[in-house]
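Working notes, beginning with the structure itself.
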Amino acid sequence: KKEFPSYTIVPCSAESELALREAAKKGLITYIPGEKTFTIKEPDSLTEQQLAALAFIKKNMLEAHGSTGVQELVNTAVFDVLGYVAVFPGGVNKLTDQYGRVLPDCFLMPPGTTALDFAFRLHTDFGKHFIRAVDVRTKRAVGKEHVLKHRDVVEIVSGR
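Taking this note's numbering as reference, the numbering of the sequence shown is continuous, increasing by one, and the terminal residue is 160.
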């Protein structure tokens, strides 16, 4: 970073991320992609080679850099370089789905996306019959030309 101050540099090890995800998929560890740590479920069930590999990843990536860098790299490319915004569909009075998950859906939209663009992204009929959008945080109605911001929660109101 000192030699190239005008560049965005993200330390990254896709191989480490893949190893952690595969180990988690096999039930050997508990790991959430992008997190800075993992937990070995049953150390006695792992081979010495597996334990050594996990120790290497922990020391050289997670402790040294805070993560494998893969999620940070994706976030940097999508949000910082491309300027995309994350927009959530939600209702003014209801932010959960039928299973109780809060804001389970997120759409990555290009910069300059309007409420009407988002309505079309959700469903063509929402766009065709667009009446208005509602900013869920402020509960204010916004028009079709309203430009959406990162992490906006929007309810689309459309006719039939």
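C-beta: ideal position from N, C-alpha, C; glycine also. Predicted, not measured: the structure shown is a model, and the values here were computed from it.
- Taken through DSSP and simplified to helix, strand or coil, residue 89 comes out as strand.
- DSSP places residue 158 inside the beta strand (DSSP E), whose first and last residues are 152-158.
- Counting other Cβ atoms within 10 Å of its Cβ, residue 52 stays below 16 and is therefore classed as exposed.
- Note on residue 12: 16 or more other CB atoms within 10 angstroms of its CB, so buried under the neighbour-count rule.
- Residue 95 has its alpha-carbon roughly 6 Å from the corresponding atom of residue 102.
- In the structure shown, residue 79 falls within a helical segment according to DSSP collapsed to helix, strand and coil.
- Judged by their CB atoms, residue 18 and residue 46 are not nearer to each other than the 8 Å cut-off.
- Of the candidates 8, 156, 4, the residue whose Cα lies closest to the Cα of residue 87 is 156.
- DSSP, read as helix, strand or coil, puts residue 102 in strand.
- Nearest in C-alpha terms to residue 148, of all of 40, 123, 107, 131, is 107.
- In the DSSP assignment, residue 51 is bridged to no other residue.
- Relative to the Cα of residue 92, the nearest Cα in the group 31, 61, 140 belongs to 140.
- Assignment of residue 108 by DSSP, reduced to helix, strand and coil, places it in the strand class.
- Rounded to whole angstroms, residue 151 and residue 128 show a C-alpha spacing of 24 Å.
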